[in-house]
Structure formats: structure tokens, C-alpha cells
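Chemist: I'd like to ask you about the structure that follows.
Protein chains in written order, with our numbering: chain A, 1 to 334; chain H, 335 to 622; chain V, 623 to 1062.
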């Protein structure tokens, strides 16, 4: 992608502006809101990967919490067993590796099926991991969970620094960098021949097989990539939250990931990121303001599915198209 | 002692069978995985408990048992409402939306239950207490568990009759086997789907109501039965009624003997068995 | 400051500072100011308990009721140092990440004066570190884990958190108390078993009980340990397995619906004919089950919390507490209620004590300082918070017995035992398990 082409493309200009704004966010938001924003960013990363599996490959996993948990627990367990090696340069690869491992094993079992069986199997496997984390409490802390200390980043130590200061300072920029990187990589994947092949499989499996695409293998690749994204998100999330528990692998938590993706819209790459942000605020404010917060979340979800099936980004895109009134716009396929 | 272990396994399998049967009927006929299935179990539990509490001091004994049917009825009614409003809207949509809608319904129903019946536990153990105990080979066993096994056998038999011998049942099976063909033959898919959903949800409600005399109705009571039902569906095969029976028996008996012999293993053991079956037979024991 | 600053300049600076700072000192959280007029707004107190889910019925709702009741009573009496309490009841549900977010919101955005919370050990473990992170007071009022305030190895430094406290004792006192009770009253038993929920609570409870029993009654053998999952509704398999192993006593930390279900199903299967159960936090269940709760079971009270202890004649405070709760909510209060009382009144007494030396509304640090070492009255007796910021409590253990006066079994007054704190709590800085293993 040449720079000139990028600068001429309104989408890239928009990305550039957003990135610029994001750089200044720590100066614009108070501590609490910034931490909330960071939760949103980590789920945004998860959503990017999830979208690859759902939007582009057509597979709905109700068990993606398992890979999120894999990444988060990789970090937490290193904190417990290898505190002297608790450096970000080691933690991120560890999280990616561990979530990749779990994705390969679970993915291998799942991609042999589609649709309902796929979803139910993905769900059951995540519950298996949940049960294991619970059971192996000596290792994992079980239901108590594990604490996540503050790591060193590129040799910088944060000893004595309180977490809020760490989170609103250096960590934010690290997280932003990771998010930007993940986003760019995902764009690359999605525009590549591999990405096109996935869409072909989604649209017509038999035809794809006929033109020589190894369906099952490509699905597994997509599954693993999305699993690693979830693991990365989980690891980055664990620093923000400071504590991990088995709940991260529970199917209801996975349901929230699906919710976010739908809320944002899975037709566009940016969709799940927006959805992650909105959901984070939605859940917190519902919980803070009413004891019937589950009703609020559930009703919102139902209304969304019925009225805004392509999510917020889809609705925004439709609005944008309408506003331009017939003027030819860029192809929406990402 | 082994007789008691077997009976325990059968009791667990009975409730599991009702729940998974309901899930499979909906799956088979409508192709929908209802993530809110556990909520119907909970509705049945709360309704059953509430009804018993209302009438326990005034009603004669047999009425207490009949009143458990109120769980079946309310679950069916709520299922009917849900089908007409939400599920209807989903027919044209893809799988993702169906699952998400039912997930949203799960959250909604959980809080609705709280709104209607409050957050506290509801106890209604009179049906359990009144039946007393029986002696089986030197051990004491509550008669109520035997009643539950008997009721489940009856219900299973009735469903078998219904599916196999009645016109409606045969039509339902036809749809589940080949939806397009069934439409081509002129079957009223829409009305039959409603029937399937109401029946399936009602069965979950019945299971929930039957468990009430032995345990209080609590918020979240439907979550664990849902997971077990999923395991049975995975093991027995999607949409298979025979699979629900065999799967439930397998899970129930394994659990009962497993606890007695290898207490540590419980839940992971079930997942392990499910995993083995899946690797050997990816579609489940009786799946297509 | 060098000698060059003359006295005159110094006074000028001080004068200027006072003029600038003076008006600002009206702010609610004035820190380290010379003069401290009392803030006039209400005291914001967050109370976080399970208002939904399985733990709501047995613990969260009774505790929340008590928080509301006590806040109401304190406000009627004029509030804390003249400031009314604004109670924010929040739900502990939604998972640990939701609780972390909620705690941050309460401390940073809502700026509550204190966060009283948490029934689940996972919540406590995740949230308590936020006290020091965010500079807000957090008091854990109910969760049982002994890991909360203990360090990784003995001896460990105390306090673990400067602004984090635990206003009730941990599960160690219950399980050690049970072991001591069994030794005293049933010294001739030969075998024990355990049925506990398969998560940290159950595992920890059994661990402490087993360790204590090994020391106190080494001749007793463990014949079976069962681990049903949390929320299990079918205990028939477990009951049969236990009966098959023929233990004299079965230890259990089952709670809520599981406790009720287990007891009912077990009674129906003839379990209690030859087996006694020892309940580590069993105090609420006789009231829940009524006559269905068998007699002669060993019950522990998570402290000395019981509606009949101290007896109303001996403790006017308990008498008032029981009657007031019963009047408002129709039941006798159970231990979560007493725990809630302890948390709220700990805060109140600490603020009042700190205010005396601060000469105005105290800062968080000053309140924390006042809380440490504080002894204050509760319906269960006087409670002290020691240097490790956790509560020192005795434990009450008894046998269930039906009496004509109550429709459910009460603790047999003839055989109620109070084990003092020094017999059931390790000294400061020593891990519970290490302490037990060090007994002679």
C-alpha cells in the first residue's frame, strides 16, 4: 500500500485523524473514564479477531472466552510462577502462544462442523476450560482467581507506581500501539487472498471447495488467528483489570463478546471495535443504576437485533450512503 | 448400595432427559438452539414452587402433585409468547441473530423472574415430604424420586406415541427430517413450529417444576441444567429424541457411579466422555 | 528554608496561603489542612452485596436489608457526626471484572466515603487492592477467605493494605472451632468425611478443618471427600456415596440452596440416622429448614453471631438488633446481617474516634489509623480490628435441638461453646495453616 494511495483514500485519512485524537485521549479523559476506555480497546482487539471468524468466515463461536482466558491466564500464571521474568516482551508472546495452542486444539475439533453444531461445540469446549481452571485451583487460583502485577515494559520498571498512574500513562500508549498494530495486521489479512478465500467459503462452501480452497484448513487458520487476537486482548485486559478469574472462559462472557460484535456490526472491520466501546459503557452504567441491569442489557440486545441488524457501524454506513445521495462511494467490502 | 446408585443415576437422567428432549424437539423442528432454554426450566421451577406454596395448606394431597403441572403450563405459555414475538422475527435471519436473540431473551427472562417472584428462595417441599420413604434392599429411599422417574417414563412414552403415531407428531418429525420437502407437501410450518417450541419449552418447565420439592427455587437455577442439556445434545446428536434418551442415561449413570468411585472427577469426566464420543462419532451417537 | 527568610516574610507567606487556601477548605475531602470545618453533604456509603443470583437469598439480601436498617437508624439518631448517611446499594453480580469496574467507579467517580462490600472471596481478592491503588477506604464485610489478608509465607508483613480492612473473621475460625468442638464432645469418633463445594470456599474450608483435625485428633481417619459443583441440585449420588463410606461425622461448608437441598435429600435417604454433620457456617439453615433440619448436628456461626447469643437479657444491643430486624423483615437475623452491622458501625466508630484527634471530618488515612486497633460494641459482643486490619472474633459452636419455643431447631443452650479467638485465629503475621501445623 503506497503512501500516496493511502493519503488519497478518505478511509485512511479518517484513520489517521482518529489515531491522532487517540494520542491525546489521556489528556482529555479523567482517570476512571480512561480506564474504561482501555477496557474498550482491549475488547476492540478481541472483536477484530472475532470478526474475522464471524463476519468473514461465517462461523459463530459462543466460546471465544476460552482464548481470551488463555491469554489472560498466561500472563497471570507467569506472574505467579515466574515473577522475575514478568516483562511485557515475554508476556505478550506467551499469551499469543498459549491462546494459539488452545485454539488449535479446540479449533481442530470445531471446524469439522458448521452452524449450530459448531456453536454448541465451541461453547462446550469453553466450558470445559472453565471447569478445568476451576478444578486446578492450586495452579490457577480456581474461583479466587489470580492477581496480575504491573509488568516491566522494555526494561522500564514501575515499582512503587500505583496502577491508575501506570494505566493512564505509559500503559495507555503501549495499549494503543498494540491496538493499532492489530488493526493494521487485520486489515492486511482481510484484504489478502486469504481473506478473500474466507469470504468465498462463507458465501458458498461447496463452490469454494470446487475451486480448490481447502475449506477446513482455512477455517482452522481463521479460527486460530481469531483465537490469538482474543488471547492478546485477554492479556492486555488483565493488566487493566488487575485480576483474572475462571469466569473469563464462561459461555456467558463469550456471549458478551458476540454481543459487542453485533452491536458494532460485523459487516465492517471497525464495527466490533465500536461495539466493544459502547458495550463497556452500557454494562457499567446499567449495573450502576438499576438492579435489573440484565433486563436492560437483554432488551437492548433484542431491540438491536430486530431493528439494527447490521449494528451501529452498519447503520452509520447506511446513513453515510444516504447522505451522499447517490454519489458513488467506495466499495464497502473490506 | 448399587441399586441406590443406579436409582440416583436414573433420577438425574430423568430430569436431564426432559430438558434435553425439549431442547432437541426445538432444534430438530425449528433448527434453533434456544440459549434461553434454561430460563424455561427456571420459570417452571418458580411457578411450581409458587403454586404449591399457595395451595399447600388448603389442598388435598393429590392436588399438590398436579399443581406441579403449572410449571409445565406457564413455561409453555411464555414459550408461546416468545415464539410469536422473537422467534418469528428470526426466521429470515441467519444463525447469529437467532442465537443472539435467544441470548438476549435469557438475560431478559432472568430479570423478569426476579421481578415477578423476588430475589429470595422459594421452598415448596410438601410433595417430597408427604410421600415419605420406601425401603429398597435394606436402604431407605425417598419415594418422591421414584415418582419423578415414573412421571418421566410416562412423559417419554407419551411423546414417543405422539411423535410416532399421531398426525401432528408425524408432521413434526417430517419437518425435522426435511424441512423443504415438508413445506412442499403443504405442511403449515409456522403453526407446527409454534407447537414444537411450546412443547419443548414446556418440557423444560416440567423438569424445573419436578425438581422443586427437593430443592428451593433460586435465581440462576436454570444455568447448570442448560449446560448438561448441551452435553447430552452433543453426545446424543442434534435433534435426535433417541439421542436425548441415551445421552441422558449415559450422563446420569456415569455421574452417579463416578461420584461414588472417583469423587474428584465429576464434571470433567462428563466432558471427557463427550469428547471421546465426538472424536469417534462427530455427529453424536444418533446425529445426522 | 534558609535563615534568609525573615520572620516578616514568613508571616506574609502564611497569611497569603491562608487567604487562598481558606475558602478551599470547605471542600469535602480537604487533606491535611490546618482548620477543618465539617463538610455538610451526606456521607456516601456504598454497600455491595449479591442482589441477584444464588447468593442473594441466603446472604446478599439479608445483608443489604441490614445495611438499610442500620443506615436508617443512624440517620434517625442524627447521622455520623451530624452528617446523614446516603446508602448506595449495589449488586455484586456480573463477574469480577464488573466488580473491579464498579469499585473504581464508586471510588473515583461517585467519590464514596467508604465501600463496604463483598460476599464472594473472588470479589474481595480483586477489589481490596484497589483501596491503596485509588486511595479509598474499602471494608470487606463477609467473604471468608483466609488468603485475603495473609501473605504468601509466614511471617508476612502487615497490614497488607493501608486502606483495606476486613470487618469479620475468616473461615479459619469456623473450621478450627468445629474441630475443637468435636474433640471436646465427641472424642471417641473414628472416621470423618467431607462434602464441600468444588471451589475455593469449599476447598479452603476442608483444608483448614482437616489440618486442625489431624493435629487435635490424629487417630481419626478421613474416609471420603466429595466435591459437588456449586449450585448442584441433585445430591443423591453424593449422599449414597457418603453413606457407603460410613463416616461418624461429615464436615460441610455447603451454603444457600445447596445446603437446604442436601439436608432435605439426605434426610429422605436416612442419612442422619448414623451420621452427624458439622456445618462450618451452618447458622442460617435451621431457620430456613424449620423442623426439617435434623437435631444433634454441629453448627458453627461464622463468629458468635446468633440471635440468641448473647441472650437478650445479657445483651440489650442484641435484643434490639433481633427485634428491629424481625419487625422490618419478618425473620430472625442471621450471620450476614451481623457482619453487615459490624462493617457499618466499624466505619462510624472509626470516624468518630478519628474526628476527635483531627478536629474535624477525618481523612481516609486518619480513619484507617483509627480503625486499626479499634474495639467497638456489636450485637454479638465487642469486636477488635488488629494490626493486620482484620477482625478478631471468638467462635460459637453448638448442637441443633428442637425446643417448644421456636418452630426450628436452635443451638442447645446447655452445650453452646465459645472458643476464644486465640484458640481459633493465628497470631498476626502467621499463615493459618502454618500456625495449625505448629501446634504441639
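Idealized CB from N, CA, C, for every residue including glycine.
Since we're looking at a predicted model, the values are computed, not measured.
Does residue 18 of chain A pass the burial test, meaning 16 or more other C-beta atoms within 10 Å, or should it be called exposed?
Modeler: So residue 18 of chain A ends up on the exposed side.
Chemist: Beta carbons nearer than 9 angstroms to chain A: which residues of the region 948–971 of chain V have them?
Modeler: The residues in question: there are none.
Chemist: What separation, rounded to the nearest whole angstrom, lies between the Cα atoms of residue 315 of chain A and residue 308 of chain A?
Modeler: About 7 angstroms.
Chemist: Checking 8 angstroms against the spacing of the C-beta atoms, do residue 373 of chain H and residue 444 of chain H come in under that value?
Modeler: Cβ distance < 8 angstroms, so residue 373 of chain H and residue 444 of chain H count as in contact.
Chemist: With DSSP collapsed to three states, give me the class of residue 928 of chain V.
Modeler: In the structure shown, residue 928 of chain V sits in a strand (DSSP, three-state: E or B).
Chemist: Residues of the region 394–427 of chain H with a CB closer than 7 angstroms to any CB of chain V: list them in chain order, please.
Modeler: Per Cβ criterion, the list is empty.
Chemist: Identify whether residue 843 of chain V lies in helix, strand or coil by the three-state DSSP scheme.
Modeler: Three-state DSSP puts residue 843 of chain V in a strand.
Chemist: Could you compute how far the alpha carbon of residue 462 of chain H sits from the alpha carbon of residue 87 of chain A?
Modeler: The alpha-carbon atoms of residue 462 of chain H and residue 87 of chain A are separated by roughly 59 angstroms.
Chemist: Can you name the residues of chain H whose CB is closer than 7 angstroms to the CB of residue 200 of chain A?
Modeler: Here the premise fails: no neighbours, minimum Cβ distance about 17 angstroms.
Chemist: Secondary structure at residue 528 of chain H, three-state DSSP: helix, strand or coil?
Modeler: DSSP places residue 528 of chain H in helix when its eight states are reduced to three.
Chemist: What residues are listed by DSSP as bridge partners for residue 705 of chain V?
Modeler: The partner list for residue 705 of chain V (beta bridge, DSSP) reads V/702.
Chemist: Compute the beta-carbon to beta-carbon distance between residue 379 of chain H and residue 543 of chain H, rounded to the nearest angstrom, for a pair I have assumed lies under 8 angstroms.
Modeler: The pair is a contact, with the Cβ atoms about 6 angstroms apart (cut-off 8 angstroms).
Chemist: Can you find at least 3 beta carbon pairs, one from the region 781–792 of chain V and one from the region 811–825 of chain V, that sit closer than 8 angstroms?
Modeler: Contact fails: fewer than three Cβ-Cβ distances are below 8 angstroms.
Chemist: Could you tell me which chain C residues have their CB closer than 7 angstroms to the CB of residue 164 of chain A, listed as they occur along the chain?
Modeler: Included in the structure are the protein chains A, H and V, with no chain C among them.
Chemist: So, does the CB of residue 590 of chain H fall closer than 8 angstroms to a CB anywhere in chain V?
Modeler: It does: the Cβ of residue 590 of chain H has a partner Cβ on chain V nearer than 8 angstroms.
Chemist: According to DSSP, which residues form a beta bridge with residue 815 of chain V?
Modeler: Bridge partners of residue 815 of chain V: V/846, V/872.
Chemist: Write down the C-beta distance between residue 447 of chain H and residue 376 of chain H rounded to the nearest angstrom, noting that I regard them as a contact closer than 8 angstroms.
Modeler: Right, the Cβ-Cβ distance comes to about 6 angstroms (below 8 angstroms), so this counts as a contact.
Chemist: Rounded C-beta distance between residue 570 of chain H and residue 581 of chain H? I'm assuming under 8 angstroms.
Modeler: So it is a contact: roughly 3 angstroms between Cβ atoms.
Chemist: Check whether the region 195–204 of chain A and the region 33–50 of chain A are in contact - that is, three or more C-beta pairs closer than 8 angstroms.
Modeler: Cβ pair count under 8 angstroms is below three, so no.
Chemist: Compute the distance between the beta-carbons of residue 964 of chain V and residue 740 of chain V, then report whether it is under 8 angstroms.
Modeler: In this structure, residue 740 of chain V does not lie closer than 8 angstroms to residue 964 of chain V by Cβ.
Chemist: Here's the rule I'm using: 16 or more other beta-carbon atoms within 10 Å means buried, otherwise exposed. How should residue 488 of chain H be labelled?
Modeler: The residue is exposed, with fewer than 16 neighbouring Cβ atoms inside 10 Å.
Chemist: In this structure, does DSSP put residue 243 of chain A in helix, strand or coil?
Modeler: In this structure, residue 243 of chain A counts as strand in the three-state DSSP scheme.
Chemist: For a cutoff of 8 angstroms on Cβ pairs, would you count residue 650 of chain V as touching chain A?
Modeler: Here residue 650 of chain V scores only 38 on pLDDT, less than 50, and its place in the model should not be relied on; the value that follows carries that caveat. It does not; no Cβ of chain A falls within 8 angstroms.
Chemist: Would you report the Cα separation of residue 651 of chain V and residue 990 of chain V, rounded to the nearest angstrom?
Modeler: Any reading at residue 651 of chain V must be qualified, since the residue scores a pLDDT of 41, below 50, and its modelled position is unreliable; the value itself is stated next. One C-alpha to the other measures close to 15 angstroms.
Chemist: What number of angstroms, rounded off, separates the C-alpha of residue 541 of chain H from the C-alpha of residue 352 of chain H?
Modeler: If you take the alpha carbons of residue 541 of chain H and residue 352 of chain H, they lie about 6 angstroms apart.
Chemist: How many Å lie between residue 590 of chain H and residue 337 of chain H at the Cα?
Modeler: Distance between the alpha carbons of residue 590 of chain H and residue 337 of chain H is about 11 angstroms.
Chemist: Just by C-beta distance, which residues in the region 706–739 of chain V are closer than 7 angstroms to chain A?
Modeler: From the region 706–739 of chain V, only 713, 716, 717, 718, 719, 720, 722, 723, 724, 726, 727, 730, 731 have a Cβ closer than 7 angstroms to chain A.
Chemist: With 16 as the cutoff for other CB atoms within 10 Å, does residue 392 of chain H come out buried or exposed?
Modeler: Looking at its Cβ environment, which holds fewer than 16 other Cβ atoms inside 10 Å, residue 392 of chain H is exposed.
Chemist: So, are the CB atoms of residue 60 of chain A and residue 119 of chain A less than 8 angstroms apart?
Modeler: Yes; because the gap between Cβ atoms is below 8 angstroms, this pair is in contact.
Chemist: Could you list which residues in chain H have their beta carbon closer than 8 angstroms to that of residue 112 of chain A, in chain order?
Modeler: Within chain H, the residues near residue 112 of chain A are 616.
Chemist: For residue 809 of chain V, name the three-state secondary structure that DSSP assigns.
Modeler: Residue 809 of chain V falls in the coil class under three-state DSSP.
Chemist: Could you give the distance in angstroms between the alpha-carbon of residue 245 of chain A and the alpha-carbon of residue 718 of chain V?
Modeler: Computed Cα separation, rounded: 7 angstroms.
Chemist: Grouping DSSP H, G and I as helix and E and B as strand, with all else coil, what is residue 746 of chain V?
Modeler: Helix.
Chemist: Between which residues of its own chain and residue 617 of chain H is the CB-CB distance below 8 angstroms, once the five residues before and five after are set aside?
Modeler: Only 571, 572 meet the Cβ criterion.
Chemist: How about residue 785 of chain V and residue 757 of chain V: do their beta carbons lie closer than 8 angstroms?
Modeler: It is a contact, given that the beta carbons lie within the stated cut-off.
Chemist: Below 8 angstroms between beta carbons is the criterion; list the residues of the region 55–68 of chain A that meet it against any residue of chain H, in chain order.
Modeler: Listed by position along the chain: 60, 62.
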